[in-house]
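Count along the sequence shown from 1, then add 15; that gives the number in the working numbering.
For every residue, glycine included, the Cβ atom is placed at its ideal position computed from N, Cα and C.
These figures come from a predicted structure and were not determined experimentally.
Step one of this worksheet: look at the structure below.
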Amino acid sequence: MSLRTAWRWLARARKDQTEPAYRRGGFLLDDTLWARLEELDGNVSELHRQLSQAGDDSVLPGPLPSLATMHRAVREQRRAGRVLQSTRPGKGHVDPDRYDRALAELVFVRPPGAPRRLDR
């Protein structure tokens with residue numbers, strides 16, 4: 016990042032403009048689209064498909080952006096702190112209770128004749 020960008024961010028923070036700044040003219044999902052995306056468990060492709068099928072009846076103020084643009088907008092908004100309240104756990108999610116149970120059930124048995132410590 017350039018020094019000028021850092022100064023510009025500091026100036027915005029001093030003016031209490033702490034909401035994330037997006038590209039000029041970039042696509043953003045408003046609260047209505049974000050709620051629909053949550054209903055679809057975060058499936059951006061399905062949201063795009065539904066919006067393209069709606070045509071002129073769509074809730075979008077302008078033309079339908081490309082699927083890649085919608086994916087980028089969701090990714091940027093999630094990085095900025097917006098959360099998808101999905102019913103399914105995210106990718107790589109580990110239930111802590113399940114993990115603790117697995118550790119509790121794990122038993123290390125020393126084979127007969129093996130040394131007590133492995134570093135010997």
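Rounded straight-line distance, which links the Cα of residue j to that of residue i
| i | j | result |
| --- | --- | --- |
| A83 | L18 | 30 Å |
| L25 | R97 | 22 Å |
| H86 | G41 | 12 Å |
| A28 | T20 | 12 Å |
| E91 | P127 | 56 Å |
| G77 | D45 | 13 Å |
| D72 | A50 | 18 Å |
| D31 | R93 | 21 Å |
| V59 | V74 | 15 Å |
| Q65 | S81 | 13 Å |
| M16 | A129 | 56 Å |
Beta-carbon separation (whole angstroms), residue i vs residue j, contact threshold 8 Å
| i | j | result |
| --- | --- | --- |
| S67 | L79 | 6 Å |
| G57 | L99 | 5 Å |
Beta-carbon proximity check, residue i vs residue j, cutoff 7 Å
| i | j | result |
| --- | --- | --- |
| A95 | L43 | no |
| L55 | L62 | yes |
Opening and closing residue of the alpha helix (DSSP H) in which residue i lies
| i | result |
| --- | --- |
| M85 | 82-94 |
| D72 | Note, D72: premise wrong, no alpha helix (DSSP H); not H, not E. |
| D31 | That residue, D31, is in no alpha helix (DSSP H); it is neither H nor E in DSSP. |
| K50 | A small fix is needed here, since residue 50 is Ala in this sequence, not Lys. Where A50 is concerned, the enclosing alpha helix (DSSP H) stretches over 46-54. |
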